[in-house]
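Notes follow the structure.
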Amino acid sequence: GEKESLPVSLYNGYYQKGKALYAQGELEDARDHFSKVIKPGYRATDRFLIRATYFSALTYESLGESAKASQLLDDMAAHLLDDGNSFSLAMVRGFQAELALRQERLADAENWFVSFTPASHPRGDVSVNDELIATRILLKQGTPESLQEAAQRLLNYETYFRGIHNTRFLAETLAIKALVLLAQDQPPAAIATLEQALTLALPG
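Whatever position you read off the sequence shown (first residue = 1), add 242 for this note's numbering.
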């Protein structure tokens, strides 16, 4: 991208390498790569700019800078609202709900959840999955009814992700399912399910 002056390739490279560094726990390097996509003056396409902002927020949160993490997503949401970009704004609202969960702000996550309509075929985006965020909110609520609803949704998603061979989201689905089973006082089933998730995740 640098050699041929191809900005979209360059932004994609920074974004993808930043994600890899984030996944490996190299948080400061990940933050620096994302900043090259979202810093003022760069005209990154919405696709890379929005997703880099999301992962940058997660990186700052992991570094203990919660206020900075929230500000990044809030600023992006405000920008998209001004532009009238409802599609991308809906995506960022899901990102904000994810961050709210990580920051133990359940009420804020629930504000998103009450207006969220899960898809029968969840999006296969490699960044985040709104349906799985919703199941984690149900898990966090912790009532018998919310846990049962989470379990049913996860069963459907498990079948779906197996069917399309989406290992990344199948592993996450099983991990959340293990936590739901534990919350339902089923430790043996929870451990067995978590082992399945680990088996899928280890090669990656």
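Note that beta-carbon positions come from the ideal geometry of N, C-alpha and C, so glycine has one too.
* For K310, which of M333, R273 and L291 has the nearest alpha-carbon? -> R273
* For A439, which of Q426, P430, S277 and A420 has the nearest alpha-carbon? -> A420
* Asked: Can you tell me whether D427 is buried or exposed, with buried defined as 16 or more other CB within 10 angstroms of its CB?
  -> exposed
* Asked: In its own chain, which residues sit with a C-beta less than 6 Å from the C-beta of Y296, not counting the 5 before and 5 after it?
  -> F337
* To do: With a floor of 4 residues, list each alpha helix (DSSP H) that falls wholly inside the region 318-405, ordered by position along the chain.
  => 328-344, 348-355, 372-383 and 386-405
* Asked: Mapping DSSP to helix, strand and coil, what is H275?
  -> helix
* To do: State buried or exposed for G384, treating a residue as buried only when at least 16 other CB atoms are found within 10 Å of its CB.
  => exposed
* Are A417 and L436 closer than 8 Å when you measure CB to CB? -> yes
* Asked: What residue does the alpha helix (DSSP H) around N254 start on, and which one ends it?
  -> P249 to A265
* For I379, I'd like the list of residues in its chain whose CB is within less than 6 Å of its CB, leaving aside the five on either flank, ordered along the chain. => A351 and F355
* **At least three beta-carbon pairs within less than 8 Å, the region 298-313 to the region 337-346** => yes
* To do: Indicate the three-state DSSP secondary structure (helix, strand or coil) for K245 in the structure shown.
  => coil
* Nearest-angstrom Cβ-Cβ length linking E239 and L381, presumed shorter than 8 Å -> The chain is shown only over 243 to 446; residue 239 falls outside these bounds and no answer can be derived.
* To do: Given a cut-off of 8 Å, decide if L396 and V458 are closer than it, judged by their beta-carbon atoms.
  => Since the first and last residues shown for the chain are 243 and 446, residue 458 lies out of range.
* Pull up the CB-CB distance for L322 and S312, whole angstroms please, since I reckon it's below 8 Å. => About 16 Å separates the two Cβ atoms, so there is no contact after all.
* Residue of A294, E346 and L305 minimising C-alpha distance to E268 -> L305
* **Residue burial classification, T415 (beta-carbon count within 10 angstroms, cutoff 16)** => buried
* **E373 versus A361: straight-line alpha-carbon distance, rounded** => 7 Å
* Cβ separation of Y264 and A294, assumed to be a contact under 8 Å, to the nearest whole Å -> 11 Å between Cβ atoms; not a contact.
* Asked: Quick one: is T377 buried, meaning 16 or more other Cβ sit within 10 Å of its Cβ, or exposed?
  -> buried
* To do: Enumerate in chain order the residues of its own chain whose CB-to-CB distance from G255 is below 8 Å, with the five nearest sequence positions on each side excluded.
  => G243
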